[in-house]
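Engineer:
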Amino acid sequence: MTPDNAQTTTHDAEHDGRNDAIKIYVNGRIVPKDEATVSVYDSGFMLGDGMWEGLRLYNGVWAFFEEHMDRFFNSMKSVSLESGLTPDGVLKILNDTAAANDMTTDAHCRLMVTRGRKAKPFQHPSLSRFGPTIVAIIEHSKPAETLRTRGIRLATVPQVRGLPMSQDAKYNSHSKLNCVIACLQAEQAGADEGLMLDPHGFVNTTNACNFFIVRRGEVWTSTGDYCMNGVTRQKVIDLCHANGIPVREKNYSLYETYGADEAFLTGTFGAQTPVAEIDGKPIGEGEGAGPVTQRIRGLYKDAVAAYVAERKGVAV
Ligand SMILES: Cc1ncc(COP(=O)(O)O)c(C=O)c1O
Numbered sequence: 041m042t043p044d045n046a047q048t049t050t051h052d053a054e055h056d057g058r059n060d061a062i063k064i065y066v067n068g069r070i071v072p073k074d075e076a077t078v079s080v081y082d083s084g085f086m087l088g089d090g091m092w093e094g095l096r097l098y099n100g101v102w103a104f105f106e107e108h109m110d111r112f113f114n115s116m117k118s119v120s121l122e123s124g125l126t127p128d129g130v131l132k133i134l135n136d137t138a139a140a141n142d143m144t145t146d147a148h149c150r151l152m153v154t155r156g157r158k159a160k161p162f163q164h165p166s167l168s169r170f171g172p173t174i175v176a177i178i179e180h181s182k183p184a185e186t187l188r189t190r191g192i193r194l195a196t197v198p199q200v201r202g203l204p205m206s207q208d209a210k211y212n213s214h215s216k217l218n219c220v221i222a223c224l225q226a227e228q229a230g231a232d233e234g235l236m237l238d239p240h241g242f243v244n245t246t247n248a249c250n251f252f253i254v255r256r257g258e259v260w261t262s263t264g265d266y267c268m269n270g271v272t273r274q275k276v277i278d279l280c281h282a283n284g285i286p287v288r289e290k291n292y293s294l295y296e297t298y299g300a301d302e303a304f305l306t307g308t309f310g311a312q313t314p315v316a317e318i319d320g321k322p323i324g325e326g327e328g329a330g331p332v333t334q335r336i337r338g339l340y341k342d343a344v345a346a347y348v349a350e351r352k353g354v355a356v
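Residue numbers 41 to 356, in the working numbering, belong to the letters of the sequence shown in order.
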C-alpha cells in the first residue's frame, strides 16, 4: 500500500519479489543479478558516455521494436559509439535474456551500451579501448495502479531543456543529469516529478516522460524541438490523427497548461499516465484519467495488441 502522502514516480511498479533473483545480460553472458557487474573504468560509469533504450515485452513481443532500434542506432551513430550490434543481434539478446528469466509478458528492459572500459580514468574517448559494454536488465514490471488512479503531481522547475547544440534532448544518454536535477527540484518543491520548459519558456516535457495536455477537445504537445523523440509520444500523435482526435504539436505556455481539461504523460513504461496537479493546481475533474486520456489509452492498448498479433501472425 502506498500512503497518501508517499512519493509517486512515473516508473513505479507493483512489487515483484522475482526481481530479486533475475538474470542479467552482460557482454555475452547471462548471469545472476549479484554477478552482473561492470568495471569502475567503464565509460558509462565515469562519464555517462553511453546510450540506452527502454522496451516493453507484451505476450512474447517487444512492442514497437523497429522504432526503438531506429532511435537507439541513430543515437549511437551520432556519438560514434561502435557497438558491433545489429537490430537482429539486439533482438536475440533481449529474447535470450527474457527466456533465461522465464518472462513472456509484463516485463521491461533497460538496454544499455557504453563506450566500454577505459585505459585511464580520463574523458578522452580514445581511452575507451576494449570494446563496448553491453547490458540488458529485464525486470518483471507492472505499472503501479496508483499511477492510473491517482495521477502524478508535477512542479514546474528552473532546470530547462536545452538547445540541441548543447546536449540534444534526443540522446537517450546514460548521463541524465539535466533530468535528475529537474526531478530533484520538483521533489524539493513537494511534487513527484518535474515539468520542464524550453529555452523560450514554453512547456516542453517532464524529466522522464513526454507531456500532453487536452484543451477544449484538442490534444496539444510541444513542437518536439527540445524533448526526447519518444516512441509513445509519436504513437499517441499518430493514433489521434488516425482516429479523428484533433492533435497539435505547438508552442504553449503554463497559462494554457494550468487551464487544461486534462494532462497526461507518455512513455514506454507507463503508456499514458494521468497528471493530477501542476504547481499545486488541480488538472481536470476528479481523480485519474479524463475522458480523452482514457480514449487514447484504449487506442494505444489496441495498437500494442495489433502489433503483437502481427508479429505473431495472428488475426486480431
Ligand atoms: C526524458 C525522456 N522523455 C521521454 C521518454 C519516453 O520515451 P518513450 O516513449 O520512447 O519510452 C523517455 C524514455 O526514454 C525519456 O528518457
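All C-beta atoms in this analysis are idealised placements derived from N, C-alpha and C, irrespective of residue type, glycine included.
Here the structure is a predicted model, which is why all the values come from computation and not from measurement.
Exposed or buried, which one is residue 123 when buried takes at least 16 other CB atoms within 10 Å?
Structural biologist: Working through the sequence shown from its first residue, we reach residue 123 at position 83. Residue 123 is buried by the Cβ-count criterion.
Engineer: Using only CA atoms, which one of 273, 258, 195 and 278 lies nearest to residue 235?
Structural biologist: Taking the sequence shown and counting its residues from 1, the one referred to as residue 235 is at position 195. Cα-wise, what sits closest to residue 235 is 195.
Engineer: Can you tell which of 280, 273, 321 and 328 has the C-alpha that lies nearest to the C-alpha of residue 296?
Structural biologist: By 1-based counting over the sequence shown, the position of residue 296 is 256. Among 280, 273, 321 and 328, the Cα nearest to that of residue 296 is on 321.
Engineer: In terms of alpha-carbon separation, which member of 50, 253, 288 and 207 lies closest to residue 119?
Structural biologist: In the sequence shown, counting from the first residue as 1, residue 119 sits at position 79. Of the candidates 50, 253, 288 and 207, the one whose C-alpha sits nearest the C-alpha of residue 119 is 207.
Engineer: Closer than 7 Å: is that where the CB of residue 250 sits relative to any heavy atom of ligand 1?
Structural biologist: Start at 1 with the first residue of the sequence shown, and residue 250 comes out as number 210. Yes.
Engineer: In the structure shown, what three-state DSSP assignment does residue 109 receive?
Structural biologist: Here residue 109 refers to the residue found at position 69 when the sequence shown is read from its first residue. Residue 109: helix per DSSP, three-state reduction.
Engineer: Could you check if residue 315 belongs to the surroundings of ligand 1, using beta carbon to heavy atom distance under 7 Å?
Structural biologist: Numbered from its first residue, the sequence shown carries residue 315 at position 275. Checking every heavy atom of ligand 1 against the Cβ of residue 315, none is found closer than 7 Å.
Engineer: Straight-line CA distance for residue 339 to residue 103?
Structural biologist: Within the sequence shown, residue 339 is the residue found at index 299, counting from 1. Within the sequence shown, residue 103 is the residue found at index 63, counting from 1. Going by the C-alpha atoms only, they are around 15 Å apart.
Engineer: Quick one: which unbroken alpha helix (DSSP H) runs of 4-plus residues sit fully inside the region 284-336? Chain order, please.
Structural biologist: List check, alpha helix (DSSP H) in window: 294-298.
Engineer: Using three-state DSSP, classify residue 217 as helix, strand or coil.
Structural biologist: As a working mapping, residue 217 is identified with position 177 in the sequence shown. Correct three-state label for residue 217: helix.
Engineer: Which of helix, strand or coil does DSSP assign to residue 44?
Structural biologist: By 1-based counting over the sequence shown, the position of residue 44 is 4. Model confidence at residue 44 stands at a pLDDT of 45, short of 50, so the residue's coordinates are unreliable and nothing is read from them.
Engineer: Does the region 261-274 come close enough to the region 301-313 to have 3 or more Cβ pairs within less than 8 Å?
Structural biologist: Yes, since at least three Cβ pairs between the region 261-274 and the region 301-313 fall closer than 8 Å, the two stretches touch.
Engineer: Taking the alpha helix (DSSP H) that residue 135 falls in, what are its first and last residues?
Structural biologist: Position 95 of the sequence shown, counting from 1, holds the residue named residue 135. Note, residue 135: alpha helix (DSSP H), 127-140.
Engineer: Going by beta carbon distance, what residues of the same chain come within less than 6 Å of residue 51, once the five residues before and after it are set aside?
Structural biologist: Start at 1 with the first residue of the sequence shown, and residue 51 comes out as number 11. Excluding residues within five positions, the ones whose Cβ falls inside 6 Å are 309.
Engineer: Ordered along the chain, which non-local residues of its own chain (more than five positions away) have a Cβ less than 6 Å from that of residue 172?
Structural biologist: What you label residue 172 is simply residue 132 of the sequence shown in a count that begins at 1. Only 123, 153 and 156 meet the Cβ criterion.
Engineer: Please classify residue 114: does DSSP put it in a helix, a strand, or coil?
Structural biologist: One-based indexing of the sequence shown puts residue 114 at position 74. Of the three classes helix, strand and coil, the one that applies to residue 114 here is helix, per DSSP.
Engineer: Helix, strand or coil: which one does DSSP assign to residue 65?
Structural biologist: Counting from 1 along the sequence shown, the entry for residue 65 is found at position 25. Correct three-state label for residue 65: strand.
Engineer: Which residue wins for smallest C-alpha separation from residue 189, given the options 333, 348 and 354?
Structural biologist: One-based indexing of the sequence shown puts residue 189 at position 149. Minimum Cα distance to residue 189 is reached at 333.
Engineer: Any heavy atom of ligand 1 closer than 7 Å to the beta-carbon of residue 212?
Structural biologist: Mapped onto the sequence shown, residue 212 falls at position 172. Yes, the beta carbon of residue 212 sits closer than 7 Å to at least one heavy atom of ligand 1.
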